[in-house]
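> First the structure, which I've put down as structure tokens, then a few questions once you've had a look.
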Amino acid sequence: MHNLARFGYLLYQLTLRDLKARYKQTFLGVLWVFGRPLIELGVYVLVFGAFLRAPTNGIPYPLFAFTGVVLWSYVAGGLSRGTRSISSHAGLVAHTPFPKLTLPLATQGGALFDMLLAGALFAGYIAYHERALSLAVLWLVPVGLILVAIVTGLTLITSTLNTFYYDFGYLVDVVVRVWLLLTPVAYSSAVVPERYRTLYALNPLVGLFDAARGALLQSRSPDPATLIYPLAVGLGLVAVGGLLFRYAEPFFAESV
Amino acid sequence: MAGAVAVEGVWKRFRLRVRTLADLAGDLLPSRRRAMHPLRQAFWALADVSFRVEPGATLGVIGANGSGKSTMLKLIAGMMQPTRGRVTVRGRLALLAYLGAGFHGELTGRENVFLQGAILGLSARQLKAKLDAILAFAELEQFADVPVKVYSSGMALRLGFAVAVHAEPDILLIDEAFAVGDQRFRERCLERIRGFKAAGVTMVLVSHERDLVERLSDHTVLLEHGRVAARGTAAEAFGAYERLVRGDGA
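Protein chains in written order, with numbering that gives the first Met the number 0: chain X, 0 to 255; chain S, 0 to 249.
Here is the structure:
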């Protein structure tokens, strides 16, 4: 219990550091949190909304895309920075005994905080559009938790591999970009032709992003069955990632 | 509780190799393993090292650079696993080495105290209670709210040392941590270390400084290429070390 409290406090301090360091170093500071999703959103609105006229099932395109952008900001931020969380703290990892698990978890905390800030902006936007919310919004909680499980589990795996194979981070960067295109962030999964559907749905984020959009923008509760696959993937990744990390942690100090 | 350390027949091997995704492919395809690793080498940093540190005792570890001293401390600290043999540690550890490795330049001295303290395993309550004492020990009260990046290297090291010695360890591992600050600060650090010793804290001290090792340690081991070349009092171990150095030179 004592150890758990210390672990929690260390995680809190490292998350705080992640946030403070990033926002103190950048010129725009906290505005960056809002600036980045807004710029992305602007481009999506132009390209997918105005040029391609992506179908959104009656939802105004900016609202539609904003949901995707906010959720994706966590996936991309958590995974890219998390992958490098061990190797970028080489001095600390090599010379100080402490639970290394706090490093990838703290980057998840930082990325989640970014997502929640951007989400707060989104909430203001929704309020401005006077869209009614229903209790279906509560589905965002389990959907969010499953998303966190998937990204955290993956990050445990990638941060471990990046410690032993220096160029693994570049591979992750490429995968994040491809993954963005294969996830309904800027477009609706409904545009995917029938014969690709099964293959497309192998991406566990498809079900999650669809469920989050439905709950938030259409007062629609997701069919719980559609969440079973993402949940299974998330639990599997956390289990594999946790075991891999625990096995590899004693070798970090000599490998960074 | 007084801490204790037992090191029994410990060997530690390091591998030197180029590590890229090509190596990962090599690791996954056993048939190609040999061909993929032209640069894979291994060397033994420690070979069959054994010693015990009884509760409240201080062990000095001396030896040339690369003799395995720091590796030994990292094994005791649990940051690495021995390739063979066993390291048993009873009690809470603190490692005084590379102080300030966890500092972040953009954060203030005060913020870094909490960060570094948490890394060393202190709780929020302990840190709040000790913040003033830590800043006073480092003589940085006036600079508490200045980003650490504008500190001089001496100031940063002082802060690192101040946080580290305000942990409450049963076992204190010290790795050359005394090259810190000026003479006066050094004396206060030593004072603090002697205070730990008087309070019954078990210590392992890695150092090149004969004077320091003689003053603090009850037993001393000399490491030479990862093996225990001599053990005894600090004077005996340093005597053996000098004979070794002279022998190499002849």
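Using N, Cα and C, we set each Cβ at its ideal position, and we do this for glycine too.
Does the Cβ of Val190 (chain X) have 16 or more other Cβ atoms within 10 Å, making it buried, or fewer, making it exposed?
Numbered from 1 along the first sequence, position 191 holds the residue referred to as residue 190 (chain X). Exposed, because fewer than 16 other Cβ atoms sit within 10 Å of the Cβ of Val190 (chain X).
> Report yes or no: is there a C-beta of chain X within less than 9 Å of the C-beta of Met35 (chain S)?
Here the question's residue 35 (chain S) lines up with position 36 in the second sequence. Confidence in Met35 (chain S) is poor, its pLDDT being 48 and thus under 50, which makes the residue's placement unreliable; the coordinate value appears in the next sentence. For Met35 (chain S), the answer is no, since every Cβ of chain X falls outside 9 Å of its Cβ.
> DSSP on Met202 (chain S), reduced to helix/strand/coil?
Within the second sequence, the letter at position 203 stands for residue 202 (chain S). Correct three-state label for Met202 (chain S): strand.
> Are the Cβ atoms of Gly101 (chain S) and Leu91 (chain X) separated by less than 9 Å?
In the second sequence, the residue the question calls residue 101 (chain S) occupies position 102. In the first sequence, the residue the question calls residue 91 (chain X) occupies position 92. Their beta carbons are under 9 Å apart, which means Gly101 (chain S) touches Leu91 (chain X) by this criterion.
> Please go through the same chain and pick out, in chain order, the residues whose beta-carbon is closer than 7 Å to the beta-carbon of Gly67 (chain S), but skip the five residues on each side of it.
Residue numbering aside, residue 67 (chain S) sits at position 68 when the second sequence is read from its first letter. So the list reads Ala44, Leu45, Leu222, Gly225, once near-sequence residues are dropped.
> Using a Cβ-Cβ cut-off of 6 Å (strictly less than) and excluding sequence neighbours within five positions of Pro229 (chain X), which residues of its own chain qualify?
On the first sequence, residue 229 (chain X) is found 230 positions in, with the first residue counted as 1. Excluding positions up to five away in sequence, the list reads Ile145, Pro203, Gly206, Leu207.
> With a threshold of 6 Å on Cβ separation, who are the neighbours of Gly261 (chain X) within its own chain once the five nearest residues in sequence on each side are excluded?
Since the first and last residues shown for chain X are 0 and 255, residue 261 (chain X) lies out of range.
> List the DSSP bridge partners of Thr107 (chain S).
Against the second sequence, residue 107 (chain S) aligns to sequence position 108. Bridge partners of Thr107 (chain S): S:Pro146.
> So Pro96 (chain X) and Leu92 (chain S) are in contact, right, with Cβ under 8 Å, and what is the actual spacing, rounded?
Numbered from 1 along the first sequence, position 97 holds the residue referred to as residue 96 (chain X). Numbered from 1 along the second sequence, position 93 holds the residue referred to as residue 92 (chain S). About 6 Å; that satisfies the 8 Å criterion.
> Taking 9 Å as the cut-off, decide whether the C-beta atoms of Ile173 (chain S) and Val4 (chain S) are in contact.
By 1-based counting over the second sequence, the position of residue 173 (chain S) is 174. By 1-based counting over the second sequence, the position of residue 4 (chain S) is 5. Taking 9 Å as the Cβ cut-off, Ile173 (chain S) and Val4 (chain S) do not qualify as a contacting pair.
> Helix or strand or just coil, what does DSSP make of Leu95 (chain S)?
By one-based count along the second sequence, residue 95 (chain S) stands at place 96. DSSP places Leu95 (chain S) in strand when its eight states are reduced to three.
> Got a sec: is the Cβ-Cβ distance from Ile118 (chain S) to anything in chain X below 9 Å?
Working through the second sequence from its first residue, we reach residue 118 (chain S) at position 119. Chain X contact via Cβ: present.
> Using 9 Å as the threshold, is the C-beta distance between Gly116 (chain S) and Val162 (chain S) below it?
The residue given as residue 116 (chain S) occupies position 117 in the second sequence. The residue given as residue 162 (chain S) occupies position 163 in the second sequence. Result yes, Cβ atoms of Gly116 (chain S) and Val162 (chain S) sit closer than 9 Å.
> Does Pro96 (chain X) get closer than 9 Å to chain S when you measure Cβ to Cβ?
On the first sequence, position 97 is the one that residue 96 (chain X) refers to. Yes, because at least one Cβ of chain S sits closer than 9 Å to the Cβ of Pro96 (chain X).
> Would you say Asp166 (chain X) faces chain S, with C-beta separation under 9 Å as the test?
Taking the first sequence and counting its residues from 1, the one referred to as residue 166 (chain X) is at position 167. Yes, its Cβ sits closer than 9 Å to a Cβ of chain S.
> Which value, in whole angstroms, describes the spacing of the CA atoms of Ala83 (chain S) and Ser152 (chain S)?
As a first step, residue 83 (chain S) must be located in the second sequence, where it is residue number 84. As a first step, residue 152 (chain S) must be located in the second sequence, where it is residue number 153. Ala is not the amino acid found at residue 83 (chain S); the sequence shown has Arg there. Looking at the two C-alpha atoms, the distance is approximately 39 Å.
> In the DSSP assignment, find the beta strand (DSSP E) that holds Glu223 (chain S) and state where it starts and stops.
As a working mapping, residue 223 (chain S) is identified with position 224 in the second sequence. That run of the beta strand (DSSP E) goes 218 to 223.
> How would you write the range of the alpha helix (DSSP H) that Asp113 (chain X) sits in, first residue to last?
Taking the first residue of the first sequence as position 1, residue 113 (chain X) is located at position 114. 101 to 127 is the span of the alpha helix (DSSP H), which, as asked, contains Asp113 (chain X).
> Anything in chain X within Cβ reach of Glu105 (chain S), meaning under 8 Å, just list it in chain order.
In the second sequence, residue 105 (chain S) corresponds to position 106, counting from 1. What Glu105 (chain S) touches in chain X: Lys19, Ala20, Lys23, Gln24.
> Considering Cα atoms alone, identify which of X:Arg194, X:Tyr195, X:Thr154 is closest to Val175 (chain X).
Position 176 of the first sequence, counted from the first residue, corresponds to residue 175 (chain X). Looking at the Cα atoms, X:Thr154 is the closest of the given residues.
> When DSSP labels each residue in this structure, what does Arg83 (chain X) get in the three-state scheme?
Mapped onto the first sequence, residue 83 (chain X) falls at position 84. Correct three-state label for Arg83 (chain X): coil.
> Does the beta-carbon of Pro99 (chain S) have 16 or more other beta-carbons within 10 angstroms, so that it is buried, or is it exposed?
Start at 1 with the first residue of the second sequence, and residue 99 (chain S) comes out as number 100. Residue identity differs from the one stated: residue 99 (chain S) is Gly in this sequence, not Pro. Classification of Gly99 (chain S): buried, given that the 10 Å Cβ count is 16 or more.
> Quick one: which chain X residues come within Cβ less than 9 Å of Gln80 (chain S)?
Translated into the one-based positions of the second sequence, residue 80 (chain S) becomes position 81. Result: Pro249, Phe250.
> Tell me which residue opens and which closes the alpha helix (DSSP H) that Val174 (chain X) is part of.
Sequence index remark: in the first sequence, residue 174 (chain X) carries index 175 (1-based). Looking at the DSSP string, the run of the alpha helix (DSSP H) that includes Val174 (chain X) is 167 to 180.
> For Gly59 (chain S), which residues of its own chain have a beta-carbon under 6 Å away from its beta-carbon, when the five flanking residues on both sides are left out?
Sequence index remark: in the second sequence, residue 59 (chain S) carries index 60 (1-based). Cβ neighbours of Gly59 (chain S) beyond the five flanking positions: Leu204, Val212, Ser216, Thr219, Ala233.
> Arg130 (chain X) by DSSP, collapsed to three states: which one?
Locating residue 130 (chain X) in the first sequence gives position 131, counting from the first residue. Of the three classes helix, strand and coil, the one that applies to Arg130 (chain X) here is coil, per DSSP.
> What does a CB cutoff of less than 6 Å around Phe250 (chain X) pick up in its chain, not counting 5 residues either side in sequence?
Position 251 of the first sequence, counted from the start, is the residue given in the question as residue 250 (chain X). Excluding residues within five positions, none has a Cβ falling inside 6 Å.
> Can you find a CB in chain X that lies within less than 9 Å of the CB of Ser122 (chain S)?
Numbered from 1 along the second sequence, position 123 holds the residue referred to as residue 122 (chain S). So, interface residue.
> Would you verify that the beta carbon of Glu39 (chain X) is, or is not, closer than 9 Å to some beta carbon of chain S?
For the purposes of this step, residue 39 (chain X) is identified with residue 40 of the first sequence, where counting begins at 1. No, Glu39 (chain X) lies away from the interface with chain S (no Cβ there is under 9 Å from its Cβ).
> I need the boundaries of the alpha helix (DSSP H) containing Arg187 (chain S), first residue and last residue.
The residue you call residue 187 (chain S) lines up with position 188 of the second sequence. Start and end: 182 to 197.
> Whose C-alpha, out of S:Met154, S:Leu106, S:Thr201, is nearest the C-alpha of Pro146 (chain S)?
Locating residue 146 (chain S) in the second sequence gives position 147, counting from the first residue. The shortest C-alpha separation from Pro146 (chain S) is found at S:Leu106.
> Measuring straight from C-alpha to C-alpha, what distance separates Gly241 (chain X) and Pro103 (chain X)?
Within the first sequence, the letter at position 242 stands for residue 241 (chain X). Within the first sequence, the letter at position 104 stands for residue 103 (chain X). Between Gly241 (chain X) and Pro103 (chain X), the C-alpha separation is close to 11 Å.
> Would you mind reading off the limits of the alpha helix (DSSP H) that contains Ala231 (chain X)?
Walking along the first sequence from the start, residue 231 (chain X) turns up at place 232. Segment 223 to 251, the alpha helix (DSSP H) holding Ala231 (chain X).
> In whole angstroms, what is the alpha-carbon distance linking Leu130 (chain S) and Val171 (chain X)?
By 1-based counting over the second sequence, the position of residue 130 (chain S) is 131. By 1-based counting over the first sequence, the position of residue 171 (chain X) is 172. Distance between the alpha carbons of Leu130 (chain S) and Val171 (chain X) is about 41 Å.
> Would Arg191 (chain S) and Phe136 (chain S) qualify as a contact pair, given that the criterion is a beta-carbon distance under 9 Å?
Your numbering for residue 191 (chain S) matches position 192 in the second sequence. Your numbering for residue 136 (chain S) matches position 137 in the second sequence. Yes, Cβ-Cβ distance for Arg191 (chain S) and Phe136 (chain S) is below 9 Å.
> For Tyr8 (chain X), go through chain S and note every residue whose CB falls closer than 7 Å to its CB, in chain order.
Looking up residue 8 (chain X) in the first sequence gives position 9. What Tyr8 (chain X) touches in chain S: Ala117, Ser122, Ala123.
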